[in-house]
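For the sequence shown, this note's numbering begins at 499 and goes up steadily by one.
In this text, a Cβ means the ideal position worked out from N, Cα and C, and glycines have one as well.
Read the structure below first, then the notes.
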Amino acid sequence: MESHRYVVAMKALRGLYIHIPFCPQICPYCAFASLRGVDYLHERYVSALCKELSVWSRQYRKNPLQTIFIGGGTPTQIDPSLIGKVLEAADYAFGMCTDAEITVEANPSTVDREKFSKLRSVGCNRLSLGVQSFDNQALKKLGRVHSSEEAERAFTSAREAGFSNVSVDLIFSVPDVAEPVWQGSVNKAISLQPEHISVYALTIEEGTLFARREGEGSLVTLTEDDDAMQYEWTRNRLLDSGFKQYEVSNFAQEGWVSRHNWGYWTGAEYLGVGLSAHSHIGGERFWNVKDIEAYMQRVEENISPEEGRERIDVQTERRERFWLGLRTSQGVFLSEKELAVLKEHEHMNQCLKAEYLTLKKDRVLLAEKGWNIADGLAVKLTNILEDGSEVITQCV
Numbered sequence: 499m500e501s502h503r504y505v506v507a508m509k510a511l512r513g514l515y516i517h518i519p520f521c522p523q524i525c526p527y528c529a530f531a532s533l534r535g536v537d538y539l540h541e542r543y544v545s546a547l548c549k550e551l552s553v554w555s556r557q558y559r560k561n562p563l564q565t566i567f568i569g570g571g572t573p574t575q576i577d578p579s580l581i582g583k584v585l586e587a588a589d590y591a592f593g594m595c596t597d598a599e600i601t602v603e604a605n606p607s608t609v610d611r612e613k614f615s616k617l618r619s620v621g622c623n624r625l626s627l628g629v630q631s632f633d634n635q636a637l638k639k640l641g642r643v644h645s646s647e648e649a650e651r652a653f654t655s656a657r658e659a660g661f662s663n664v665s666v667d668l669i670f671s672v673p674d675v676a677e678p679v680w681q682g683s684v685n686k687a688i689s690l691q692p693e694h695i696s697v698y699a700l701t702i703e704e705g706t707l708f709a710r711r712e713g714e715g716s717l718v719t720l721t722e723d724d725d726a727m728q729y730e731w732t733r734n735r736l737l738d739s740g741f742k743q744y745e746v747s748n749f750a751q752e753g754w755v756s757r758h759n760w761g762y763w764t765g766a767e768y769l770g771v772g773l774s775a776h777s778h779i780g781g782e783r784f785w786n787v788k789d790i791e792a793y794m795q796r797v798e799e800n801i802s803p804e805e806g807r808e809r810i811d812v813q814t815e816r817r818e819r820f821w822l823g824l825r826t827s828q829g830v831f832l833s834e835k836e837l838a839v840l841k842e843h844e845h846m847n848q849c850l851k852a853e854y855l856t857l858k859k860d861r862v863l864l865a866e867k868g869w870n871i872a873d874g875l876a877v878k879l880t881n882i883l884e885d886g887s888e889v890i891t892q893c894v
């Protein structure tokens, strides 16, 4: 791919993201690159993925991957043998650590015990199950094609197939879904005893069906107060059930943190391949085209699938370090200058007294009351560091 600017700083590549865009149905809240009704493209697309990986292998010294995340879309929409083909290409290109975490996302409507067994046989050892809710009415409102019964059956089948590392994804703040219904889904997920649970607030993304409905007035989202109440109840319920919170939306049993996602939150470099995939390497962020025909044709013709690229300047790097790091249980490591500025700022002291934030030697991290407002707190901190004289009427 001679026209591609594949030359980047040669640092050890830690994580690989592989995008599989195919879906049984496009969810009304989904803004990711996804397609339905094009099963005939599966093999051609996977061949393009393998070729893109091959090109990247020429730019990196052999340094075994620590994590691989196969997302979408719905990766389990394609045959497991094709996923195996991509994993073989990744292994040939970069190598894999013997204990590499290899996650595959799964939609309950597209899997059974046999498919899970095949996914295990091609190398997948972690499953991210897109349940979203264990209530059929809530699933219908979210436009999901599976039922609550199928979701539970999928989890059981995954266990029977040998998956010992399973994450369950849930969505809260769904309009017209009563609080007890959401609580029932959380309790059901806990009862299954997964190693990991992710809980995400429903967000209305531009260009989605939900965004159009909201614009028309036919979809009314929850208030910030109601959203906060659901989050706080959920957080407390998961903590009381033995889960450890390591990021605002992510909870894990002891020893089962998602290593791939932890890399995202802590600034690790990663490569993304496939349709619309993003990468963060060598102080740059770049991404592929979003049109599948353009992606495949470019790769087949030895032309870069890259659509855009940006250099991460010092200010952006610091902002992202705070925006991402503050969401984690680790917090943000501070330079001596940053620590000194924050300690002397009255609004930082307000946040400490209000138990939104805490300081531990060279780190700032969320205190008990700060988890639900992490993003706002990160903005406040970067504002203080960039302009200590900025007028901020209150901590949050």
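* Asked: Between I489 and V812, what straight-line distance do the alpha-carbon atoms span, to the nearest angstrom?
  -> Given that the chain is displayed from residue 499 to residue 894, the structure contains no residue 489 and the question cannot be resolved.
* **Reference G765, options L822, S555, L717, closest by Cα** => With distances taken between Cα atoms, G765 lies closest to L822.
* Asked: When the distance is taken between beta carbons, is S827 closer than 9 Å to Q751?
  -> No Cβ-Cβ contact shorter than 9 Å links Q751 with S827.
* Taking buried to mean at least 16 other C-beta atoms within 10 Å of its own C-beta, is G513 buried or exposed? -> Buried, because 16 or more other Cβ atoms sit within 10 Å of the Cβ of G513.
* Buried or exposed: where does L855 fall if 16 or more other Cβ atoms within 10 Å of its Cβ makes it buried? -> Here L855 is buried. Its C-beta has 16 or more other C-beta atoms within 10 Å.
* Spatial neighbours of L832 within its chain, please: CB distance less than 8 Å, with the 5 preceding and 5 following residues excluded, ordered by chain position. => Correct list, in chain order: L840, D860, R861, V862.
* To do: Pull up the distance between the alpha-carbon of G868 and that of A598, whole angstroms please.
  => For G868 and A598, the distance between alpha carbons rounds to 33 Å.
* When DSSP labels each residue in this structure, what does W754 get in the three-state scheme? -> Three-state result, W754: coil.
* Asked: If V620 and I581 are in contact, beta carbons under 8 Å, what's the gap, nearest whole angstrom?
  -> Their Cβ separation, rounded to whole angstroms, is 6 Å, which keeps V620 and I581 in contact under 8 Å.
* To do: In angstroms with no decimal places, state the Cα-to-Cα distance between E799 and S696.
  => When the Cα atoms are used, E799 and S696 turn out to be separated by approximately 40 Å.
* Ordered along the chain, which non-local residues of its own chain (more than five positions away) have a Cβ less than 7 Å from that of H776? -> Same-chain partners within the cutoff: G770, R783, W785.
* Any chance you could list the alpha helix (DSSP H) runs of at least 4 consecutive residues sitting entirely within the region 698-755, in chain order? => You should have 707-714, 722-738.
* To do: Determine the contact status of I790 and P519, defining contact as a CB-CB distance below 9 Å.
  => In this structure, P519 lies closer than 9 Å to I790 by Cβ.
* To do: Since I believe P578 is in contact with L617 (beta carbons under 8 Å), could you give me their beta-carbon distance rounded to a whole number of angstroms?
  => Contact annotation, L617 with P578: C-beta distance approximately 5 Å; criterion of less than 8 Å satisfied.
* Since M614 and A687 are thought to touch, with beta carbons under 8 Å apart, how far apart are those beta carbons, to the nearest angstrom? -> What sits at residue 614 in the sequence shown is Phe, not Met. About 18 Å separates the two Cβ atoms, so there is no contact after all.
* Per DSSP, the bridge partner or partners of Q630 -> L668, per the DSSP bridge assignment.
* Which residue comes first and which comes last in the alpha helix (DSSP H) that contains K858? -> Per DSSP, K858 belongs to no alpha helix (DSSP H); it is in the beta strand (DSSP E), 855-858.
* **Inter-residue Cα distance where the pair is A865 and F670** => Those two C-alpha atoms are separated by around 23 Å.
* To do: Starting from T826, trace the alpha helix (DSSP H) both ways and give me its first and last residue.
  => Counted as a single uninterrupted DSSP element, the stretch harbouring T826 is not any alpha helix (DSSP H), since DSSP gives it neither H nor E.
* Do you know whose CA, among E767, R711, V684, lies nearest N734's CA? -> The residue with the shortest Cα to Cα distance from N734 is V684.
* Nearest residue (CA-CA) to Q728, options V675, C849, F653 -> Looking at V675, C849, F653, the one whose alpha-carbon comes closest to that of Q728 is V675.
* So is A652 buried or exposed if we call it buried at 16+ other beta carbons inside 10 Å? -> Burial is judged here by how many other beta carbons sit within 10 angstroms of a residue's own beta carbon; A652 has at least 16 and is buried.
* Go ahead and pull the three-state DSSP assignment for S696. => Of the three classes helix, strand and coil, the one that applies to S696 here is strand, per DSSP.
* To do: Starting from the C-beta of F567, find all residues in its chain whose C-beta is less than 6 Å away, skip the five residues before and the five after it, and write them out in chain order.
  => So the list reads Y515, T601, H758, once near-sequence residues are dropped.
* **Reference S802; option with closest CA among A546, R534, V536** => That would be A546, whose Cα lies nearest to the Cα of S802.
* One or two residues paired with L837 in a DSSP bridge -> In DSSP, L837 forms no bridge with anything.
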